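These protein sequences, in sequence, are chains V and B.
For my numbering, count along the first sequence from 1 and bump the result up by 1.
For my numbering, count along the second sequence from 1 and bump the result up by 40.
No residue lacks a Cβ here, since even glycine has one placed at the ideal position from N, Cα and C.
Quick caveat: nothing in here was measured; it's all calculated off a predicted structure.
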Amino acid sequence: MNAKIQVVLCKCCSEMPKLLNIARLEKLASESGNVLSVMTLDGLCDGKELTQIVAEARAKEIDRAIVLACQKKDVSPALIKAYRRAGVNEYLVGIVNIREEVVLPHTAEPERAQTKAETKLLAAIARSRLLQPLERSSEDMKTRNVVIVGGGVAGQAAAREAAKYGVHTIILEKTGKSITAPGVVMPRARLIGGKGYGGNFELRIKVGESVEDLGAASIVVASGGGWATLKGALAKTVKGALPLYEFYQKLQLDQVPAGTVVFMDTPDPAGKTLKVQDFAWDDTLETAIELKKKRPDTAVFVVFQEMRASGLSELAYKEAAEIGVKFVRYDRSATPKVDPKDPTVLTVKDLSQGEVLKIKLGAMVFASIPASQDNQIIAEALRIPMSPDGGIRRGSIQRGPVSTPKPGVFVCGSALFPKSRDVAAAEGEAAGKMAGEFAARGSIEYGGIVAQVTQEKCSACLTCVRTCPYEAPFIGTATKAEIRVQACQGCGMCVGICPSKAIELLNYTDDQIMTESKTLLGGDF
Amino acid sequence: MTEPRPKIVGFCCERHGMDAVVLAARSGKQFEVSVRLVQVPCTGRVDGMHILRSLEEGADAVFVLGCLEKNCYYDTGSIEGRKRVGYVKQMLSELGLEKERVEMFNAASSNSWVFPEIVAKMVEVVRKFGPVGGEKR
């Protein structure tokens, strides 16, 4: 094994020399085995000095590098490009975060910080010797289809935005209503199954009574809320209970029943069956104002636990209060009640006034929307997680607010949790952009840091198959586990859990991790 | 004679975990020097063996830092990590070691105060129980 390592020390704009002795670090690096070149630069983020690195790496025929700088994300893209020019594999460039792990947090103890930095350097060199070069490959997408599940506000917005990327949008709408959106609109179509990975999905859809297959590059879930269902104790007792959107339609047609109108957040204030915390407050306020303007004599109440009108809709709150909409705040200790014997009176304790109000009900309107019942089928078909409320759960916020944990599947609108039309449309646009951009790439890149199975050790126990959130491991024809590299995200969950230790994560093998921790424990600081 | 320095190993996920460390450092927080961070792609990658081997090689306490469970980059990664840590804890108590020496933590990348608190907690654990193996070592 003849590793040729280059060590690059970044001074991080003179932050590093203030605390650490650069000369000692350089000496230590040049004295360790396999290190052929040691360079000190003023600032890597500048980019000017990258040419120097390339020249040096070429001259000494370097094949791996260690960079002592700041966070991986901040240095990597430009640096890795530079190293690629010098013929160094990108997975052999190790970045040691010396700035945030040593320089910034240990300013009071320079001596110990110096030892820590030296130990970290040694650990990185030890690990670097064990790394192996990895390659990325790419696979062409079979189609440029962006399939949008649901043709509501969010779905239509998504189709409009995705179409701008020159991809083919297909809206699956479960009802037969007409939709104006670019691309294909399939009425009475539902998603019932699917397999594949981001870029090459094979979906199974039901159109009318026939079942068809549909290829997709990316998917937008815009299934909306469960508009037709209204669960909860209050909805059952009160006769004139309506969801907000239905009331809005009636208001447009002037069919609103006479009498006091109460807008309430949820039909289940005790929160036993409905845990939804975000309500369509923007729309509630708008509707309340419209109602009050149309019929100034009608008493309008808004009963809520927590009001979260987003952005400029806060102004609607003020406007509503000025034209005489009454706001009543309650909390969980004293929830609003309707006596089943007299279901026309709502009893609620106003928190701000401290008095108990008895409101004679004309109509009762709920801002909360239960999650769509189709979510279950969609989540099972695409194998994406659901939230406890029955909505689709979004992935980590680092992947983006409209992404699911699965690459290539995006989610928007009330499929996540109930929200107003404006917010749903905005989310639809975001999801459409993401999905369109994803499909327009035309090919998927994969490989690099992925899991690998040593088939002799595998006992086909299915533990990896059950653990992986991306369905990368599967049992192949040899009745041993195999990894679908296109789907593998390189998290290593299957590696840690494999009882036979048959799976390894490339460049994060047990040996590499434990060598690093061992070397780090060797230093005295 | 000075107090022996605690040796603490932290297995830290590259996503929210590492970001929390970086944010803590960038917002000027100071923490104990003797923390040794090992980066793993996800806390689900951490194996019981990694933790036990660290303890064997001289660590006094080991922690695993991952994403928040509902906000994990790899969806179920930090839940898997927690399971792994729980398994090691059980093993430690069977071995007669204090199970508090191994702990799982979650952090969001926007929480700058979390990481220094975690380090302080682990230092406290080492102060309380002393080095692994006590005086025999």
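Which of helix, strand or coil DSSP assigns to residue i
i        : result
B/Arg45  : coil
V/Lys276 : In this prediction, V/Lys276 has a pLDDT of 49, which is less than 50 and means its spatial position is unreliable; what the coordinates show is noted afterwards. DSSP places V/Lys276 in coil when its eight states are reduced to three.
V/Asn376 : helix
V/Thr516 : helix
V/Glu505 : strand
B/Glu143 : strand
V/Lys165 : coil
B/Met162 : helix
V/Glu483 : strand
B/Asn151 : coil
V/Ala216 : According to the sequence shown, residue 216 of chain V is Gly rather than Ala. Reduced to three states, the DSSP call for V/Gly216 is strand.
V/Glu287 : helix
B/Thr83  : helix
V/Met187 : strand
V/Ala182 : coil
V/Phe248 : helix
B/Leu135 : helix
V/Cys495 : helix
V/Ala159 : helix
B/Gly121 : helix
V/Lys207 : strand
B/Cys71  : Per the sequence presented here, residue 71 of chain B reads as Phe, with Cys not at that position. Looking at B/Phe71 - three-state DSSP - the assignment turns out to be coil, as it is neither helix nor strand.
B/Arg177 : Interpretation of B/Arg177 is limited by its pLDDT of 49, a score under 50 that renders its predicted location unreliable; no figure is taken from the coordinates.
B/Arg167 : helix
V/Ile96  : strand
B/Arg55  : coil
B/Ala191 : No answer is possible for residue 191 of chain B: the residues shown for chain B start at 41 and end at 177.
V/Arg65  : strand
When the options are compared against residue i, the one with the closest alpha-carbon
i        : options                                : result
V/Thr480 : V/Ser460, V/Ala473, V/Ser129           : V/Ser460
V/Ala440 : V/Asp512, V/Ala155, V/Phe264, V/Val168 : V/Val168
V/Met187 : V/Gly151, V/Ile220, V/Ala217           : V/Gly151
B/Asp100 : B/Pro46, B/Leu92, B/Glu164             : B/Pro46
V/Ser353 : V/Gly493, V/Tyr331, V/Thr478           : V/Tyr331
V/Gly225 : V/Ala60, V/Gly493, V/Met435, V/Ala372  : V/Ala372
V/Thr288 : V/Lys49, V/Gln306, V/Ala271, V/Val263  : V/Val263
V/Lys362 : V/Ala416, V/Lys240, V/Lys295, V/Ser444 : The identity of residue 362 of chain V in the sequence shown is Leu, whereas the question assumes Lys. Considering only alpha carbons, the answer is V/Lys240.
V/Phe418 : V/Glu430, V/Asn376, V/Ser179           : V/Asn376
B/Arg93  : B/Val62, B/Ile48, B/Pro44, B/Val159    : B/Ile48
V/Thr299 : V/Gly260, V/Ala182, V/Ile445           : V/Gly260
V/Lys327 : V/Ala118, V/Val301, V/Ser334, V/Cys14  : V/Val301
V/Ile385 : V/Gly414, V/Ile220, V/Leu521           : V/Ile220
V/Gly200 : V/Ser314, V/Glu140, V/Val412           : V/Glu140
V/Asp47  : V/Lys61, V/Cys14, V/Lys19              : V/Cys14
V/Val154 : V/Ala425, V/Asp351, V/Lys19, V/Ala30   : V/Ala425
V/Asn3   : V/Leu132, V/Gln256, V/Met265           : V/Leu132
Beta-carbon proximity list for residue i, same chain, < 8 Å, skipping 5 on both sides
i        : result
V/Met40  : Gln7, Val8, Val9, Leu10, Gln53, Ile54, Glu57
V/Ile378 : Arg191, Leu192, Ile193
Sequence-distant residues of the same chain with beta carbon closer than 7 Å to residue i, five excluded per side
i        : result
V/Lys276 : Its pLDDT being 49, under 50, V/Lys276 is placed unreliably by the model, and the measurement read from it follows with that caveat. Closer than 7 Å at the Cβ level, and outside the excluded window around V/Lys276, lie Pro389, Asp390.
V/Gly533 : Past the edges of chain V, shown from 2 to 526, lies residue 533 of chain V, and the structure says nothing about it.
V/Pro470 : Pro406
V/Val208 : Met187, Arg189, Ala190
V/Pro183 : Ala160, Arg161, Ala164, Thr170
V/Ile180 : Gly152, Gln157, Ile172, Glu174, Val186
Neighbourhood of residue i by C-beta, 6 Å cutoff - its chain only, sequence neighbours within 5 removed
i        : result
B/Asp87  : none
V/Glu27  : Val39
V/Tyr447 : Val486, Gln487
B/Leu77  : Gly50, Cys52
B/Gly98  : Lys47
V/Leu215 : Leu204, Ile206
B/Arg55  : Cys107, Tyr113
Per the contact definition of three or more C-beta pairs closer than 8 Å, is the region 483-494 of chain V in contact with the region 450-468 of chain V? yes
Take every Cβ of the region 150-158 of chain B, pair it with every Cβ of the region 494-513 of chain V, and state whether three or more of those distances are shorter than 8 Å. no
Any beta strand (DSSP E) of 3 or more consecutive residues that is wholly inside the region 309-397 of chain V: 327-330, 346-350, 357-361, 364-367
Assess, as a yes-or-no matter, whether the region 81-95 of chain B is touched by the region 116-134 of chain V under the definition of 3 or more beta carbon pairs within less than 8 Å. no
Three or more C-beta pairs below 8 Å linking the region 518-526 of chain V and the region 496-506 of chain V: no
Curious, which full-length alpha helix (DSSP H) runs of at least 4 residues does the region 7-45 of chain V contain? 16-20, 23-32
Measuring CB atoms only, is the region 461-469 of chain V touching the region 420-440 of chain V, in the sense that at least three cross pairs come out at less than 8 Å? no
Between the region 61-75 of chain V and the region 89-101 of chain V, do three or more beta carbon pairs fall short of 8 Å? yes
Is it a yes or a no for the region 68-78 of chain B touching the region 107-123 of chain B, going by three-plus beta-carbon pairs under 8 Å? no
Contiguous beta strand (DSSP E) assignments of at least 3 residues, all confined to the region 406-491 of chain V: 410-412, 444-448, 452-454, 474-476, 482-484
With a cut-off of 8 Å, do at least 3 Cβ pairs link the region 338-348 of chain V to the region 313-329 of chain V? no
Counting only runs of 3+ residues fully inside the region 104-166 of chain V, write out the beta strand (DSSP E) ranges in chain order. 137-141, 146-150
For the region 397-405 of chain V against the region 294-304 of chain V, do three or more pairs of beta-carbon atoms, one drawn from each stretch, fall closer than 8 Å, so that the two count as touching? no
Inspect the CB distances between the region 112-120 of chain B and the region 157-176 of chain B and report whether three or more fall short of 8 Å. no
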